[in-house]
Every structure is written in C-alpha cells, then in structure tokens.
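Contents: one structure, followed by commentary.
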DNA sequence: GTGAAAGCGCTAACAC
DNA sequence: GTGTTAGCGCTTTCAC
C-alpha cells in the first residue's frame, strides 16, 4: 500500500454530472432515479446505481435546495442550552424532523431579543423551510416580524399563545401558576414567594407569576413576595436576602419559575441552614429529569418537553406540506409532581389537550 | 390599511439581482459591497445600501455557498441530548462558531454507530465546511471514514486520542479513572464497583474503566465488580441487583461512568434504603452543573465541557483557514470535585493542558 | 424512457 | 470603480 500521489488541491466531491458520465446516461435520468420522480429503465437504473456506488456520490443539498427552492432544513432557536428543559424539546424536534427527512440548523439567543433577531437572520440566510423557536415574548418580537416578512412558516414552543402570532405548543402556564399557589395554600402556608427569571425575558414566566398571584389572592393569602433574577447566571442568594429583609421576612413557600432556578435556590437555602421542604417549601417548573433524582425529589410542574418539541415539529411539517395550513395553538396538559417519596405516575391536571384554531395570522 | 391583493403564490425573497436593478448598478457591485471584496464608489454604495434596506434583502446562503464552495456551516453531532454534558459542549461550540460567523447544523446519533453514519451523511449533504463530533469509538468508525473520504476537516470531542484519526479535545480519561480508584482506596474502601454505560458505545467509558481497574490493582485492592447499562435508559437497579448477588456483595464504593448515571444510581440506592455517601460512596464523571446542587453534592470528575467545545471549535476553524493545518490532540485538565459540603474552587489535578502533535493523519 | 437545456442566487474572473 | 459573464450542482420542463 503506497501513498497516493499528493493532490494538487482539495478534490471536489463527485457531482451528478460525474455520475451521469460514468453511467453513460444523462443527468436527468440520474436525478429522476435518485429522487424517485419519473420512470427509469431497469438497465439504466442499474448502471446509475453502480456509478453512484463507485464514485461515492452524495447529492449536494445546496444545489438541490437552490434549484428546488426547498431546503429541507428546519431552523431551531432556543434561549439557552444551560437549562436542560430546552435540550429536551430539541430532542423531540430532532426525532420528528429526522423521521421526515429534515435536518436542523441551530441557534441560541441567550434570552435576548436582539440576539433572537441575529439568530433568526442567520438561519433565514440558509433558507430554512420553517422554524421552531422560543422567543422572549411573541407580541413585539422583531425576530417573529422577520419570520413573517420572509413568510417562513414557524411554530413557537413554550411561548404563550399570542394573537397575531404563529401557533405555539405549550402548557397553560397561568393555570399552572395558580395550581402552585393553591397547593401551597392547601399545605397551610400563608407567606408565599416567587423567584422568577427576568420577566422581560420570558413571557411564560410572566404568565406563571400572574397565575400564582391570582391563586394566592383567591385563597385569601397576602400578596406573595416576588424577586427577579438573571436566567443565565441566577443569584438566588441575593433574592433570598431581599425577601428576608422585606416585610414578613422569608416566605415559607417559594415558587421558582423553572426547575433550574429551583435547584439553585434550594442550594442557597441550604447555605442559610434551611432545609427543603422542612423549613421552606419549594416548587419548580418544567419537570427536567434530574429533578426527580434529587433527595427529596424536586416538587415541580411537569411539562412534556420532548412531546412539545415533537408536536411542534409535526405541526410545522404539516404546514410545509399544505398550501396554507392554518394551525392553532396546542395546549398540552401539565402535571404536578409533588416532592414526596418517589411518586408514582402523576395524574394529568388539566385534562385532554386543547386544540385551538387561530383567529388571526 | 386594506388587505393587500392575495398573492398568486409565495413571493420569492429579493435576490441580489433585484437589488442591483433597484440601485441601478450591476450585481457585481452589490456583491462586492456586501462582501467587502473590492472597492465600490461612495455614491454607488449608498444607492445599494438603500436598495438593500428597501427590499429587505438577505443574501441567499445557498447560492453563496454553492458558488464559493464554502458553506460557513459547521456540523455538530453528539450521542444524545438527554445527558446535559453534551449540551454544555454544544454551548461552547455555538459561542465560538457564531463569533467566527459560522452556523451550526445539528445531528444526534443515540450512541449508535449506524446512526452516526446516517447523521454524518445528512450533514455532509449540505457541504458543511467542517465537523465537530463525538463517536462511539474512533478506531473503526465508519462515520469518520466518511468524513475522511470526503476530506472534510473535523475535530472530535470527548473521544480518546486515536492514531490515524482526527485530533480530539478531551481529558485523560484513564488517568481520571485511576484517580477515582485511588480516592476510594484512600477512604479505606476495599470492595469497589463500576457501573458504566455500554462500553461498546463509548471509548471514553472504556478508558475510564481501564484506569479504574489499574488504579484498584495498584492499590492492592481486589478486582472491582463491573456492570454495563444502557446509556439512554439506564437501569441501575438491575446492575445493583447483579452486584449484590455477586461474590463480595454490593461494593462499598461505586464509580459511575458519567454523572447522569451516577444520579440515577444514587436514586436506585435510595430505593434500597442505602444512603450516599453514608452507606455507599458514589463518584460520577463529567461535572454537569446540577451535580453540585444535589444534597450532598455529587462527587465527580469535572471535565471542562464548555471549554472543550470552544477549543474544538477554535481548532476546527483554524484548520479551515490554513491550507493543511495539522493539529494534535488537546488534553485538558480535569478536576476532582469531592462530595463534601460545598467545596471551594477545586484544584487542577493533571496540570497544564497538553498539546500533542499528531504523528498520523 | 431518455436527453438537452434553462435556470435557482450567488461569486469571481475578466474586461473596460 | 464598474459591468458582463460563466458557472457552482441540481431539478425540471420540454422535446423526442
């Protein structure tokens, strides 16, 4: 086995033309065979297949996309990879997209509206057929404006249903927030508190807060203390300090706007010598897998992230097929997973999934 | 504001030609201005910029890539999104890639060699300029064969340094495994055990095991019990049952090949009424963020995942620039994070990063 | 059933 | 400094 002669420059990968030449047929026949469009004689097919094999031909997706005006690319943009909840959704998206023959283009925004625009632009540049994304807030989102202007079909995940915007796949965040307040009230807590990621960076966190406040009020409890922290580098210690210094002192029950934050908060409480749930009750949101393995398990509102991702992908793919399929929001049921000793299968809280037809868009 | 007349079909996004027409210049000038290649008169530039603005022109990455033979796309393929360690690496990759103007194409393999081939093929179809990936095992990897055949520059992450393969960015897994055994021995344990993800699906898990066994032998301990479990849906209960039924019974110290598995194992131990580290010592591997928040914190070997991803991206981008930059492996230092009460900053264990020039490839 | 040829949107010679 | 033009690899009429 001797070394091959050094190539002058990087050899190009074989093109459909090379295949056609080698098989002694036209590029049209090769294309037809490879795409299953149009008939090709048995003899011709065999020759083409042989040439493809010999050359190690791999159709160039760029050329194909440019010509056909469909890239078979789906853009995915999420706020962050640090919080596992988004990875779960991406996993669901990936599975469904792959099954349908789509490849994912990926971007991260860091919970930042300007970065959302940048990321969306980057994915749009490659002419993604559609996009699945989570934005800070759909209402005034420039990223969504860009998507609409480009008329690129898209589906939101986690975001709140928003009139005039694309359909979203999520849970009823407000109802869930209310359920947490009721839960705390039922346990006899009166001093509630919420530690939330920056409300300006998350419409769903804002919805959870609304529900939580409403639920507390409905239960006849005093208004909960509320503190915002950064999403990316939460500082729950400072939030707890502020709460402790406030009127009423530290709440006996804390609702954290996501599990990631809840776990950090429990650590901060431990540093103050406070046990969970003994001294302070803490409930998170998302249902990330690791929460169930904590001791004791993290109480949380579980949203079916992988399924949400899957459903978002299925909806998007359906949109890409039909001429102008007007899908509505999909509100999946959440479940409450209590902290208690290894809970059995939790029971669905909000019943069957709701399908809603969008009036707008 | 009246409705616009219904379009006959989906309007195309403006092309460089539209811009040129509107600005009354040639497409060449537009291209030159947009790419900063070649001079353009001030007056012309202004007209072009105006036209770009008016039309909302966004250069088509497909056309650009097809012509220039450089896609500015980087392919990323990881085994799974369930284990947060990979998300951490992707975050590091994304940051560096974005800064250099690259967009990520994303694929998942599920720790399966055949799926690796499929995923790599999918990304190769879009002519990624390069790739960053983790494979089950580099040595016989068909996915890497495909990458080499296509002459697409690539860098491995997490994988073991492997002669004849692309450079990898990782830690010294074998040394780390040895360190864990030494640690257990130092604590006075004699019956060690390891619960590892399927060895066939992870060359680094195999390396960790080798080091662990060697370390145990060097410490004069009996050979540790070893059990393999699935990566995606680990069943630590079964592994513990098997160990308990084996000679010597359940080990007093368990090394899990990754944190994800360690957390699940601790849960399984809890179900048997065994506390960690009181009854059984458990050490994981990876240093995923959540481990530090467990009570007590998960003992683990911390590898700098985000930095590894970042370094892999930087290396790849360097390769793309230079003609034939022959980078070597990059072995970053790992740290041991003990379980104890909130540890301070851990001290590096294996010293300065090692740079190695590859003999082969 | 098969082939010739026209582009998809863009960049990069190459003229001027 | 600016324009013309030839493709990059592919799909898809349109003839035959």
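Chains as they are written, first to last, in the working numbering: chain A, 1 to 361; chain B, 362 to 722.
The beta carbon of each residue, even a glycine, is placed where N, CA and C say it ideally should be.
All figures in this text were calculated on a predicted structure; none of them were measured in a lab.
Could you tell me which residues DSSP puts in a beta bridge with residue 170 of chain A?
By one-based count along the first chain, residue 170 of chain A stands at place 170. BP columns for residue 170 of chain A point to A:331.
Any chance the segment 640 to 658 of chain B sits against the segment 580 to 587 of chain B, with 3 or more Cβ pairs inside 8 angstroms?
no
Give the secondary structure of residue 253 of chain A by DSSP, where H, G and I count as helix, E and B as strand, and everything else as coil.
For the purposes of this step, residue 253 of chain A is identified with residue 253 of the first chain, where counting begins at 1. Of the three classes helix, strand and coil, the one that applies to residue 253 of chain A here is strand, per DSSP.
Residue from A:208, A:200, A:203 whose Cα sits closest to the Cα of residue 193 of chain A:
Numbered from its first residue, the first chain carries residue 193 of chain A at position 193. Of A:208, A:200, A:203, the residue nearest in Cα terms is A:208.
Determine the closest residue to residue 110 of chain A out of A:267, A:82, A:129, with distance taken between C-alpha atoms.
Locating residue 110 of chain A in the first chain gives position 110, where the first residue counts as 1. Checked all of A:267, A:82, A:129; the closest Cα to residue 110 of chain A is A:82.
With distance defined between alpha-carbon atoms, name the residue in A:61, A:62, A:30 nearest to residue 51 of chain A.
As a working mapping, residue 51 of chain A is identified with position 51 in the first chain. Closest by alpha carbon: A:30.
C-alpha distance - residue 308 of chain A paired with residue 167 of chain A, whole-angstrom precision
The count along the first chain starts at 1 and reaches residue 308 of chain A at position 308. The count along the first chain starts at 1 and reaches residue 167 of chain A at position 167. Near 12 angstroms, if we compare the C-alpha coordinates of residue 167 of chain A and residue 308 of chain A.
What does residue 651 of chain B touch in chain A if you count any residue whose Cβ is under 7 angstroms from its own?
To locate residue 651 of chain B, count along the second chain from 1; it is residue 290. Result: 263, 290.
Applying the criterion that 16 or more other CB atoms from any shown protein chain within 10 Å of the CB defines a buried residue, is residue 440 of chain B buried or exposed?
The count along the second chain starts at 1 and reaches residue 440 of chain B at position 79. With 16 or more other Cβ atoms within 10 Å, it is buried.
Where residue 314 of chain A falls, given that 16 or more other Cβ within 10 Å makes a residue buried:
Counting from one through the first chain, the residue named residue 314 of chain A turns up at place 314. Per the 10 Å Cβ criterion, buried.
Whose C-alpha, out of A:154, A:59, A:45, is nearest the C-alpha of residue 15 of chain A?
Start at 1 with the first residue of the first chain, and residue 15 of chain A comes out as number 15. Nearest C-alpha to residue 15 of chain A: A:59.
Taking buried to mean at least 16 other C-beta atoms within 10 Å of its own C-beta, is residue 520 of chain B buried or exposed?
The sequence position of residue 520 of chain B within the second chain is 159, counting from 1. Buried: at least 16 other Cβ atoms inside 10 Å.
Can you confirm whether residue 35 of chain A, when its beta carbon is compared against all beta carbons of chain B, has any partner nearer than 8 angstroms?
Counting from one through the first chain, the residue named residue 35 of chain A turns up at place 35. Taking Cβ atoms only, chain B never reaches closer than 8 angstroms to residue 35 of chain A, which makes this a no.
Within 8 angstroms, strictly: CB atoms of residue 380 of chain B and residue 436 of chain B:
Within the second chain, numbered from 1, the residue matching residue 380 of chain B stands at position 19. Within the second chain, numbered from 1, the residue matching residue 436 of chain B stands at position 75. Their beta carbons are not under 8 angstroms apart, which means residue 380 of chain B does not touch residue 436 of chain B by this criterion.
What in chain B is Cβ-close to residue 363 of chain A, meaning under 7 angstroms?
Examination of residue 363 of chain A is not possible in this model, given that chain A is present from 1 through 361 alone.
So, for residue 373 of chain B: in the same chain, excluding its five sequence neighbours on each side, which residues have a beta-carbon less than 6 angstroms away from its beta-carbon?
For the purposes of this step, residue 373 of chain B is taken as residue 12 along the second chain, with counting starting at 1. Closer than 6 angstroms at the Cβ level, and outside the excluded window around residue 373 of chain B, lies no residue.
At what residues does the beta strand (DSSP E) containing residue 644 of chain B begin and finish?
The count along the second chain starts at 1 and reaches residue 644 of chain B at position 283. Note, residue 644 of chain B: beta strand (DSSP E), 642 to 647.
Which residue's Cα is closest to the Cα of residue 425 of chain B: A:106, A:125, A:99?
Position 64 of the second chain holds residue 425 of chain B. Residue 425 of chain B has its Cα closest to that of A:125, out of A:106, A:125, A:99.
DSSP state of residue 589 of chain B mapped onto helix, strand, coil
Position 228 of the second chain, counted from the first residue, corresponds to residue 589 of chain B. Residue 589 of chain B falls in the strand class under three-state DSSP.
What are the residues in the segment 218 to 244 of chain A lying within 7 angstroms of chain B by C-beta distance?
none
Residues in the segment 91 to 114 of chain A with C-beta within 7 angstroms of chain B's C-beta atoms, listed in sequence order?
91, 94, 103, 104, 105, 106, 108
Status (buried if at least 16 other CB within 10 Å, exposed otherwise) for residue 385 of chain B:
In the second chain, counting from the first residue as 1, residue 385 of chain B sits at position 24. Answer is exposed; the Cβ neighbour count stays below 16.
Just verifying my parser: in three-state terms, what is the DSSP assignment at residue 310 of chain A?
The sequence position of residue 310 of chain A within the first chain is 310, counting from 1. Here residue 310 of chain A sits in helix by DSSP.
Beta-carbon gap between residue 627 of chain B and residue 590 of chain B smaller than 8 angstroms:
On the second chain, position 266 is the one that residue 627 of chain B refers to. On the second chain, position 229 is the one that residue 590 of chain B refers to. The answer is no: Cβ separation not under 8 angstroms.
Own chain partners of residue 217 of chain A with C-beta closer than 8 angstroms, once the 5 adjacent residues on each side are dropped
For the purposes of this step, residue 217 of chain A is taken as the residue at position 217 of the first chain. Closer than 8 angstroms at Cβ, skipping near neighbours: 223.
Please classify residue 322 of chain A: is it buried, with 16 or more other beta-carbons within 10 angstroms of its beta-carbon, or exposed?
As a position in the first chain, residue 322 of chain A is number 322, starting the count at 1. Per the 10 Å Cβ criterion, exposed.
With 7 angstroms as the C-beta to C-beta threshold (strictly closer), list the residues of the segment 291 to 317 of chain A near chain B in chain order.
293, 294, 295
Beta-carbon separation (whole angstroms), residue 178 of chain A vs residue 231 of chain A, contact threshold 8 angstroms
Translated into the one-based positions of the first chain, residue 178 of chain A becomes position 178. Translated into the one-based positions of the first chain, residue 231 of chain A becomes position 231. Contact flag wrong, Cβ pair sits at about 23 angstroms.
Can you name the residues of chain B whose CB is closer than 9 angstroms to the CB of residue 121 of chain A?
Reading the first chain from its first residue, position 121 is the one you call residue 121 of chain A. Correct list: 419.
Below 8 angstroms on C-beta distance, what does residue 510 of chain B contact in chain A?
Numbered from 1 along the second chain, position 149 holds the residue referred to as residue 510 of chain B. Ordered by position in chain A, the residues that pass the 8 angstroms Cβ test against residue 510 of chain B are 56.
Beta-carbon neighbours of residue 126 of chain A, restricted to chain B and to distances below 7 angstroms:
As a first step, residue 126 of chain A is located in the first chain; it is residue number 126 there, counting from the start. By Cβ distance, chain B contributes 422, 423, 464.
Consult DSSP for residue 57 of chain A and reduce its assignment to one of helix, strand or coil.
Taking the first residue of the first chain as position 1, residue 57 of chain A is located at position 57. Note: residue 57 of chain A maps to coil in three-state DSSP.
Can you grab the Cα-Cα spacing for the pair residue 17 of chain A / residue 689 of chain B, in whole Å?
By 1-based counting over the first chain, the position of residue 17 of chain A is 17. By 1-based counting over the second chain, the position of residue 689 of chain B is 328. Near 37 angstroms, if we compare the C-alpha coordinates of residue 689 of chain B and residue 17 of chain A.
With a threshold of 8 angstroms between beta-carbons, can residue 270 of chain A be considered close to chain B, or not?
Counting from 1 along the first chain, the entry for residue 270 of chain A is found at position 270. Yes, residue 270 of chain A counts as interfacial toward chain B.
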